[in-house]
Amino acid sequence: MTQDPLEIYRKMMLIRECEAQLNDAFARNLFPGYIHSYLGQEACAVGVCDGLSDTDTIVSNHRGRGHYVAKGMALKPMVAEMFGKATGICGGRGGEMHAADPAIGVLGGNGIVGGGLPIAAGAALSAQMDGKGAVSVAFFGDGASNNGSFGETLNVAAAWKLPLILVCENNLYAEMTPLARTVGQPDIALRAAGYGLPGEVVDGNDVLAVREAAGRAIGRARAGDGPTLLELKTYRWGGHFEGDPRKYRTREEEAAWKERCPVARYRAVLLDDRGIDEARIADLEAQVAAEVAEAITFALESPLPVAETALTKVFAA
Amino acid sequence: MTQDPLEIYRKMMLIRECEAQLNDAFARNLFPGYIHSYLGQEACAVGVCDGLSDTDTIVSNHRGRGHYVAKGMALKPMVAEMFGKATGICGGRGGEMHAADPAIGVLGGNGIVGGGLPIAAGAALSAQMDGKGAVSVAFFGDGASNNGSFGETLNVAAAWKLPLILVCENNLYAEMTPLARTVGQPDIALRAAGYGLPGEVVDGNDVLAVREAAGRAIGRARAGDGPTLLELKTYRWGGHFEGDPRKYRTREEEAAWKERCPVARYRAVLLDDRGIDEARIADLEAQVAAEVAEAITFALESPLPVAETALTKVFAA
Amino acid sequence: MATKTYCWAIVDAMREEMERDETVFLIGEDVGAPEGAFGASRGLQKTFGPSRVRDTPISEEIIVGLGVGAAMTGRRPIVEIMFIDFLGLCLDQIANQAAKTHYIYDGMFKMPLVIRTSSAVEMGIGPHHSQSWEAIVGHIPGLKVVMPSTPRDAKGLLKSAIRDNNPVVFIEHIALHRLKEEIEDEELLIPIGKADVKRQGRDVTVVASGLMVARALAAAKTLAKDGIEVEVVDPRTISPIDYDTIVDSVRKTNRALVVTSSHKQFGFGSEVAAEVQERAFFDLDQPVKRLSPPFTPAPFGKQFDDYLNPNTDAIVAAVHELVA
Amino acid sequence: MATKTYCWAIVDAMREEMERDETVFLIGEDVGAPEGAFGASRGLQKTFGPSRVRDTPISEEIIVGLGVGAAMTGRRPIVEIMFIDFLGLCLDQIANQAAKTHYIYDGMFKMPLVIRTSSAVEMGIGPHHSQSWEAIVGHIPGLKVVMPSTPRDAKGLLKSAIRDNNPVVFIEHIALHRLKEEIEDEELLIPIGKADVKRQGRDVTVVASGLMVARALAAAKTLAKDGIEVEVVDPRTISPIDYDTIVDSVRKTNRALVVTSSHKQFGFGSEVAAEVQERAFFDLDQPVKRLSPPFTPAPFGKQFDDYLNPNTDAIVAAVHELVA
Ligand SMILES: Cc1ncc(C[n+]2csc(CCOP(=O)(O)OP(=O)(O)O)c2C)c(N)n1
Ligand SMILES: Cc1ncc(C[n+]2csc(CCOP(=O)(O)OP(=O)(O)O)c2C)c(N)n1
Ligand SMILES: [Mg+2]
Ligand SMILES: [Mg+2]
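Protein chains in written order, with our numbering: chain W, 1 to 317; chain Z, 1 to 317; chain S, 1 to 324; chain H, 1 to 324.
Structure below.
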């Protein structure tokens with residue numbers, strides 16, 4: 001775990017800036033395709049990944065940039081991938097929903113809701129067989145928790161005591177449908193007990209709370225004590241994708257959640273509790289903004305992959 | 001619900017005899033294919049179905065004869081179906097894993113473990129839309145509760161308050177694998193709470209306990225109060241199918257469960273608590289045995305369907 | 001007559017059938033209050049209420065299963081699977097349950113179930129949203145599979161599908177949703193299983209489905225300038241295929257090309273080529289040709305899609321080869 | 001040399017590869033302590049322990065998914081899906097995850113995953129255990145699909161599949177499990193993607209897979225008595241298909257018949273017929289014929305299976321028609 005409290009803030013700001021500047025590029029018609037923004041959920045990815053090292057793995061979903069950044073993916077190739085550029089980490093083939101980096105344990109995003117959970121369990125099985133204390137994390141949404149793969153994964157993870165941390169980012173919506181309309185009971189974490197693993201509801205907008213809960217779960221997993229389901233209550237500031245008119249919720253609800261901004265909250269902690277001065281924070285913010293701007297410029301200026309390359313790498317040698 | 005306590009006994013004995021005489025036919029090489037015996041689980045089907053009427057529906061699984069008999073399927077066409085005969089209720093096309101009768105609300109068995117749960121939910125949705133208080137029951141095994149369809153069904157049923165009773169017959173094994181090896185927690189009923197519906201563990205070898213619990217669940221469903229998950233703890237006396245050498249468990253374990261024979265237990269209740277005399281019971285037993293023998297003879301003497309009929313009824317008019 | 005988009009044609013078909021028959025209902029992700037991820041259920045929940053037009057959780061297996069159970073108990077469900085790429089999560093309910101129930105139970109149950117789904121092949125959305133999997137459902141006996149290429153066909157076929165007593169997989173294409181066409185005000189029912197000759201011609205038969213129909217027609221226009229008259233046959237129904245119409249055309253033209261958005265391997269192109277050569281071998285002057293995207297996943301980005309998928313020029317070139 | 005059953009050949013292949021490479025492991029329903037529902041993992045858990053040979057719950061989606069995740073992190077999983085009829089429960093993990101991961105991530109991950117599964121078509125077990133769905137996985141780019149018809153092929157292909165860095169769907173047939181053949185004691189690796197000419201002949205090429213290979217050979221014997229020499233080609237690999245071998249044979253015989261246990265519609269027969277007519281049109285004296293079960297579900301009972309599935313007599317008759 002990071003000892004430097006500013007490092008946590010830097011990661012959160014990296015995500016925040018990345019999302020803001022990508023939305024900006026989108027608004028200026030510079031982005032190809034959909035953006036599934038991670039704005040508002042920064043504390044989730046950063047709090048969880050803070051306890052992980054490069055030998056631990058994560059599996060992401062369609063809303064993955066926060067996870068990629070928090071796990072330490074290099075910014076330029078990550079952003080270039082979002083634009084589908086040849087300089088992207090997957091050469092531009094993956095695009096907005098798919099980036100990966102085996103070197104730091106990022107096993108990819110997914111276009112299939114719930115598709116990553118079984119894969120994360122597979123990575124946990126590998127880690128268990130290796131016996132070196134590595135863990136696997138699955139990030140998924142509240143919507144994914146209603147898919148069949150969720151129950152299968154909880155059960156297998158509990159039965160085999162896999163070193164798996166199941167992180168449900170409950171942002172209250174799946175596309176345009178509020179969670180309350182599609183579940184019998186709104187706390188996803190409560191589903192854990194029935195499958196025989198611990199489950200915990202955490203304030204997903206409080207990075208320190210997430211970090212603590214994740215730390216406990218990671219510790220249990222490393223010690224061979226099996227999986228944990230964490231439900232991080234949070235909110236997706238944007239629409240399902242950029243451009244979504246968000247008719248399914250009120251501007252008041254959005255404003256109330258923005259009041260609980262995870263970045264601002266942690267900034268206040270730094271200022272008030274950790275005695276870090278405003279100037280240092282502002283400095284870091286400027287630096288992060290510049291870094292992201294550079295990555296976006298890099299992506300915009302990068303070439304598209306040559307179309308003929310689509311015929312390559314269907315099979316591995 | 002049946003008021004006549006002997007009627008419940010008759011149904012249990014019908015199942016018991018049916019299974020015993022089918023096994024006998026199997027031993028004499030008169031049965032085509034596999035027999036998934038229901039011996040030992042009689043109280044489950046009878047206890048649950050006692051609260052149902054013909055307008056209520058059930059969905060069964062691969063171990064379905066108990067359900068068919070308990071729901072009132074005519075014996076001869078049911079048994080003939082098991083033998084794949086032209087006189088079977090499905091003309092012999094369904095065979096041992098598939099019998100149905102829309103007239104009494106039997107929506108079929110299934111060769112796919114877990115395949116029936118979503119269908120039962122669909123029938124419950126129909127019943128809810130009809131608004132006439134009918135309910136739907138899904139029978140499935142402990143093994144099926146580990147399939148993705150289980151979680152999806154619990155969640156939808158709870159979210160929509162469907163008039164659905166989910167009956168898990170936990171007989172401790174899925175094929176040759178004991179449940180304990182494939183779950184993190186052995187009580188399937190405990191999974192209900194996390195999805196927002198009531199769950200209850202019931203002694204599946206006590207027909208009155210099953211009947212009572214099912215009655216409550218059916219009552220809730222009829223009243224519009226939504227679904228219930230019942231876990232009936234029971235035991236499969238035979239192997240997964242007849243001929244299975246049952247190497248995965250001890251003869252002692254089997255003997256201990258046979259001590260708790262659901263049929264003998266209820267027989268004792270009739271004798272001891274209800275003051276029904278031995279002769280009347282023995283009479284009924286003889287009558288049931290004869291009825292089953294007649295059905296088996298009917299099936300054995302019936303012709304196989306003409307092979308060319310396989311080309312018909314792929315589509316409905 | 002009114003000009004309608006493909007998307008509105010879908011909405012109209014459902015609305016008309018829901019008005020006509022109260023056992024018809026619609027469920028799926030975002031189909032209710034949000035009125036469809038692509039607007040294909042606009043106004044329906046407002047008219048028919050939240051019981052008959054319901055949002056489901058992201059639970060593809062039970063979405064189809066709910067339809068199966070409801071169809072067995074007297075209703076006519078329309079269930080929506082947002083993208084056909086999600087078929088892998090619900091194929092059991094489609095192929096083992098919906099497709100076989102009428103048959104297994106000796107005709108005791110009808111299965112008037114419509115599974116509406118969409119392809120987004122060529123829209124640049126990447127590998128999990130760019131597949132054209134009609135062949136997978138086409139391989140299953142007991143299913144009907146429909147893939148309309150125009151607004152009018154979409155409306156008429158969807159209405160027929162809803163009235164059909166069998167499971168119908170109804171495959172829309174998101175890129176066609178904005179296509180416009182005049183549609184008569186009278187009731188429109190287009191029979192499932194009938195191909196449509198979209199253009200008459202004597203020289204080459206082009207069998208094209210979905211997105212490819214418009215391109216085949218555009219290619220035919222170009223080729224006409226060179227004096228090559230192409231007959232364009234849109235099967236509309238992928239299973240069962242109307243081979244009578246296709247083979248009649250080939251008997252006349254003696255040359256055939258099949259153009260699809262799905263892979264050649266085990267795909268629609270192979271199916272049609274195999275049957276046509278069997279039925280019309282001695283009428284063929286050339287082997288039946290197939291034009292398809294190559295056998296790779298679909299990477300993210302329009303440039304890949306443009307490269308991988310057959311376009312009008314490729315159709316023109318393939319026809320030239322056939323008549324050379 | 002030792003005589004081995006098809007089933008023991010499978011066991012031997014896994015045992016040898018597990019001994020050779022400790023990253024190989026096996027999971028599936030009943031594969032561990034019960035040693036396989038059909039005995040195809042006999043002795044493996046005893047030798048390799050319960051961590052490397054594990055019983056899973058009845059959770060097909062995660063069975064494959066566990067393999068995907070483990071393969072991405074350096075292992076070589078063998079996962080068993082008991083019957084291919086259960087593909088509808090795990091097709092997403094096979095087709096969208098396993099098949100595409102290497103491609104999407106630009107080659108950063110290998111996917112050395114074997115999905116072992118079985119067909120029981122023709123065994124009288126009824127509609128949910130009698131399908132031959134090789135065409136469904138054959139339609140997916142990024143997968144290899146193998147379907148051995150003899151013990152020796154089973155062993156050699158399974159060993160190759162385990163060493164392959166790509167996902168391989170390995171389709172056994174339960175009825176072949178007891179088939180016996182002599183297999184060399186030396187290491188046996190049969191390359192994926194190579195067809196095998198099981199019998200030489202000059203008059204007609206019969207392409208047969210799985211259960212049908214033995215029947216094609218039996219038919220060839222009968223036909224030889226009438227002076228008709230049949231060449232029997234067993235593709236062994238369903239995807240990618242070794243068309244070079246098949247087309248070479250057809251160029252020689254000028255007549256081709258494809259015999260399969262899967263439906264003609266969108267099936268292996270159509271795929272082969274389409275490609276063969278495209279590549280060898282002017283060498284063909286007759287259209288490529290296909291012999292397949294009719295397009296119905298499989299009802300319970302041997303009499304139906306015997307009626308529905310191609311038998312030796314039907315092959316003989318079809319060949320006679322081709323040479324008529
Ligand atoms: C299996 C599947 N079903 C549906 C979709 C379409 N879809 C994409 S994202 C999404 C909502 C996901 O909601 P949630 O899991 O809560 O994640 P969030 O978007 O809120 O982060 C849906 C329905 C999909 N991609 N995959
Ligand atoms: C989806 C699926 N997976 C596996 C099988 C093979 N199979 C048939 S019955 C069975 C065990 C089912 O166990 P359970 O649900 O507990 O029912 P029981 O047989 O104990 O009554 C299995 C694995 C199947 N038919 N369907
Ligand atoms: Mg969400
Ligand atoms: Mg069981």
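Using N, Cα and C, we set each Cβ at its ideal position, and we do this for glycine too. What you are looking at is a predicted structure, and each value in this text was computed from that prediction instead of being measured.
- Interface flag for Z/Lys132 against chain S is unset, since no Cβ pair is found closer than 8 Å.
- Contact annotation for H/Phe266 against chain Z: no contact, minimum CB-CB distance about 16 Å [criterion: below 7 Å].
- About 24 Å separates the beta carbons of Z/Ile218 and Z/Gly40, which is beyond the 8 Å limit, so they are not a contact pair.
- Around H/Ser249, no beta-carbon contact reaches into chain S at under 9 Å, the shortest distance being about 17 Å.
- Interface residue (Cβ-Cβ distance to chain W less than 8 Å): S/Thr5 is not classified as such.
- Taking non-hydrogen atoms of ligand 3 into account, the C-beta of W/Asp142 is found less than 7 Å away from one of them.
- Residue side-chain check: W/Tyr173 places its Cβ nearer than 7 Å to a non-hydrogen atom of ligand 3.
- The contact set of H/His139 on chain W, defined by CB atoms closer than 7 Å, is empty, because the minimum CB distance reaches about 14 Å.
- Near chain S, meaning a CB-to-CB distance below 8 Å, the residues of the region 81–102 of chain W are Gly84, Gly92, Arg93, Gly94, Gly95, Glu96, Met97, His98.
- Distances taken from the Cβ of W/Val113 to the heavy atoms of ligand 1 include one shorter than 7 Å.
- Secondary structure note for Z/Val59: its beta strand (DSSP E) is the uninterrupted segment 57–59.
- Residues of chain W with a Cβ closer than 8 Å to the Cβ of S/Ser51 do not exist, since the nearest Cβ in that chain sits about 13 Å away.
- Judged by DSSP secondary structure, Z/Asn23 falls within the alpha helix (DSSP H) whose first and last residues are 5–27.
- At a Cβ-Cβ threshold of 8 Å, H/Phe25 and H/Glu134 do not count as neighbours.
- The secondary-structure analysis by DSSP pairs Z/Gly199 across a beta bridge with Z/Leu229.
- The shortest CA-to-CA distance from S/Glu60 to any of Z/Thr228, Z/Thr153, Z/Val269 is the one to Z/Thr153.
- In the three-state reduction of the DSSP assignment, H/Lys46 falls in the helix class.
- Taken in chain order, the members of the region 289–309 of chain Z whose beta-carbon sits within less than 8 Å of a beta-carbon on chain H are Leu304, Pro305, Ala307, Glu308.
- For H/His128, the closest of Z/Val207, Z/Ala293, Z/His62 by C-alpha to C-alpha distance is Z/His62.
- Per DSSP, reduced to three states, the secondary structure at Z/Phe139 is strand.
- A straight line joining the alpha-carbon of S/Leu308 with that of Z/Asp225 spans about 54 Å.
- Between W/Gly184 and W/Ala193, the gap from beta carbon to beta carbon reaches 8 Å or more.
- Contact between Z/Thr57 and H/Pro34 does not hold, since their C-beta atoms are separated by about 34 Å, which reaches or exceeds 8 Å.
- H/Pro151 places its beta carbon 8 Å or farther from that of H/Arg236.
- Identification of residues in the region 93–106 of chain S having a C-beta nearer than 8 Å to some C-beta of chain Z yields Gln93, Asn96, Gln97, Thr101, His102, Tyr103, Ile104, Tyr105, Asp106, given in sequence order.
- One finds Asp92, Asn96, Gln97 in chain H with Cβ atoms closer than 7 Å to the Cβ of W/Gly115, taken in chain order.
- The DSSP-derived three-state label of W/Tyr34 is coil.
- A straight line joining the alpha-carbon of S/Gly74 with that of Z/Leu311 spans about 25 Å.
- Using a Cβ distance threshold of 8 Å, S/Val230 and S/Val213 do not count as a contacting pair.
- Sorting W/Gly122, W/Gly114, W/Ala127 by C-alpha distance to the C-alpha of W/Gly143 places W/Gly114 at the top.
- Taken atom to atom, the span from the alpha-carbon of Z/Ala221 to that of Z/Trp160 is near 12 Å.
- Ranking H/Pro287, H/Ala195, H/Val169, H/Phe282 by CA distance to the CA of S/Glu278 puts H/Pro287 first.
- In terms of beta-carbon proximity, S/Gln303 lines the interface with chain W, with at least one pair separated by less than 8 Å.
- Shortest Cα-Cα distance from W/Trp237 to any of W/Ser37, W/Ala74, W/Ala299 involves W/Ser37.
- At least one heavy atom of ligand 2 sits closer than 7 Å to the Cβ of Z/Glu169.
- Rounded to whole angstroms, the Cβ separation of W/Leu179 and W/Pro186 is 6 Å, and the two are in contact under 8 Å.
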